[in-house]
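Colleague: There's a structure below that I have some questions on.
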Amino acid sequence: MNVGLKTQILPAGEAAVAAAARCLAQGGLVAFPTETVYGLGADAANAAAIARLYQAKGRPSFNPLIAHVSDLRAGMRIARFDAQAITLANAFWPGPLTLVLPKTKDCAVADLATAGLDTIAIRVPAHPVAREILRAFGGPVVAPSANLSGHVSPTTAAHVQSDLAGRIDLIVDGGAVAVGVESTIVGCFDAPMLLRPGGVPRGEIERVLGRTLVQPPDDPNDDSAQPLAPGMLASHYAPRTKVRLNANRIEAGEALLAFGSGTVPGVDTATTVMNLSAHSDLAEAAANLFGYLRALDARGARAIAVMPVPHHGLGEAINDRLRRAAVGRE
Ligand code: TXA
Ligand code: MG
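Positions 1169 to 1498 (this note's numbering) are the ones given, in order, by the sequence shown.
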């Protein structure tokens, strides 16, 4: 177990980018900001580094990782893009979209990173620090969210530190991220499939493709079939405190995660109130979501009551993460 490492924290900048590239090349683990959430990077071609990464996160190794590359051309060295995939890449990269594609024959990414699947998840991040690190390193970097497995994803370097200090080599601090929920994952199968709602709303993808995205088979814990998005376990983005969704009143001892300008009966008795977006702005709500869940979790309330969030646009990804936060804690 790689606990007891000295984790260095560097502010984003030239020195940090050089240190990150050097560390990755030596098989180290580097947390860095992307526009969605902080990622925990390792050299995608280095199986030993990837084994350490799974260990540091406490993540099951059958849950494959996303390979981050600097551009479409670099992506084409590790995956086969059909016309549809190229259309999506041109429309949304760099940005919060991940494509699941067939691996190329000579794909340099270690089998451990793809959990033995013959497909690979790829994305080109938009965050300037992530892009500089990818450019300086010069190869694909696998990066799951930089949290302990099962915890809420990190949107600041402090979140990364609280989960992973002592378990990883370096944290590059680039401030709070802009999007706040993970990338949208689309499986580029014969019928393109929405494997995970995320930072690019479904409607924008469907508009570019000129067709609707199909849904994966319903039960994410049904392991009888080949899992399409193996990481989409029902309970995943979980705070320790019980989460109660669609709250239309507050019970004694509950904290309130509010949305919009409305209010709910019992709000005066809430131990704490945080509002995802007082003007009902879904982009603002997404950016605040994981940080507020962490903050409310730290208050030790009896439960976190969550007001309803509309389901359109980024609301689909927000509600997906809230539903997972609530599973098993009803
Ligand atoms: O925004 C993001 O995507 C962030 C930042 C750091 O880039 N990364 C992220 O990675 O959310 P992670 O590991 O937390 O989630 C990756 C998801 C998992 O649910 C995994 O099962 C799925 O992608 N995945 C990876 N490879 C896959 C594949 N070949 N087929 C289907 N799903 C795959
Ligand atoms: Mg994650």
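Using N, Cα and C, we set each Cβ at its ideal position, and we do this for glycine too.
Would you kindly work out how many angstroms separate the C-alpha atoms of Ile1177 and Asn1416, rounded to a whole number?
Modeller: Roughly 42 Å between the two C-alpha positions.
Colleague: May I ask you to check if the CB of Arg1364 is nearer than 8 Å to at least one heavy atom of the ligand TXA?
Modeller: Flag set: Cβ of Arg1364 near the ligand TXA.
Colleague: Do the region 1359-1369 and the region 1470-1489 make contact, defined as three or more Cβ pairs closer than 8 Å?
Modeller: Yes: the two stretches touch, three or more of their Cβ pairs being nearer than 8 Å.
Colleague: Please go through the region 1209-1267 and give each complete beta strand (DSSP E) segment of 3 or more residues, from N-terminal end onward.
Modeller: As far as the region 1209-1267 is concerned, its whole beta strand (DSSP E) runs of at least 3 residues are 1234-1236.
Colleague: In whole angstroms, what separates the C-alpha of Asp1239 from that of His1447?
Modeller: The alpha-carbon atoms of Asp1239 and His1447 are separated by roughly 36 Å.
Colleague: Given this structure, state the Cα-to-Cα distance separating Thr1204 from Ala1346, to the nearest angstrom.
Modeller: Those two C-alpha atoms are separated by around 7 Å.
Colleague: Would Ala1276 pass as a contact of Arg1245 if the rule is Cβ separation under 9 Å?
Modeller: The answer is yes: Cβ separation under 9 Å.
Colleague: Beta-carbon within less than 7 Å of Arg1532's beta-carbon, same chain only, minus the 5 sequence neighbours each way: which residues are those?
Modeller: A question about residue 1532 goes unanswered here, because the residues of the chain that appear run from 1169 up to 1498.
Colleague: Measuring alpha carbon to alpha carbon, tell me which residue in Ser1445, His1295, Asp1449, Asn1414 is nearest Leu1432.
Modeller: For the sequence presented, residue 1432 should be read as Val rather than Leu. Checking every option, the nearest Cα to that of Val1432 belongs to Asn1414.
Colleague: Just reading off the beta strand (DSSP E) that Leu1178 is part of, what are its end residues?
Modeller: Looking at the DSSP string, the run of the beta strand (DSSP E) that includes Leu1178 is 1176-1179.
Colleague: To the nearest angstrom, how far is the alpha carbon of Ala1463 from that of Ala1251?
Modeller: C-alpha separation (whole angstroms): 44 Å.
Colleague: Give a yes or no on contact between the region 1257-1264 and the region 1223-1232, applying the rule of three or more CB pairs nearer than 8 Å.
Modeller: Result no; under three Cβ-Cβ pairs closer than 8 Å.
Colleague: Using only Cβ atoms and a threshold of 6 Å, which residues come within that distance of a heavy atom of the ligand MG? Order them by chain position.
Modeller: Qualifying residues come out as Pro1312, Ser1313, Ser1321.
Colleague: For Glu1350, count neighbouring C-beta atoms within 10 Å of its own C-beta (all shown protein chains included) and say buried if the count is 16 or more, exposed if not.
Modeller: By the 10 Å Cβ count, Glu1350 comes out buried.
Colleague: Put Asp1341 into one of helix, strand or coil per three-state DSSP.
Modeller: It is a strand residue.
Colleague: Give the range of the alpha helix (DSSP H) segment to which Ile1336 is assigned.
Modeller: Premise fails: Ile1336 is in no alpha helix (DSSP H) and is neither H nor E.
Colleague: Indicate, with yes or no, if the ligand TXA has a heavy atom lying under 8 Å from the CB of Pro1232.
Modeller: For the ligand TXA, at least one heavy atom lies less than 8 Å from the Cβ of Pro1232.
Colleague: Got a sec: does the ligand TXA put a non-hydrogen atom nearer than 8 Å to the Cβ of Ile1218?
Modeller: Checking every heavy atom of the ligand TXA against the Cβ of Ile1218, none is found closer than 8 Å.
Colleague: Look at Pro1322 and Ala1311 and say whether their C-beta atoms are less than 9 Å apart.
Modeller: Against a cut-off of 9 Å, the Cβ pair of Ala1311 and Pro1322 comes out as no contact.
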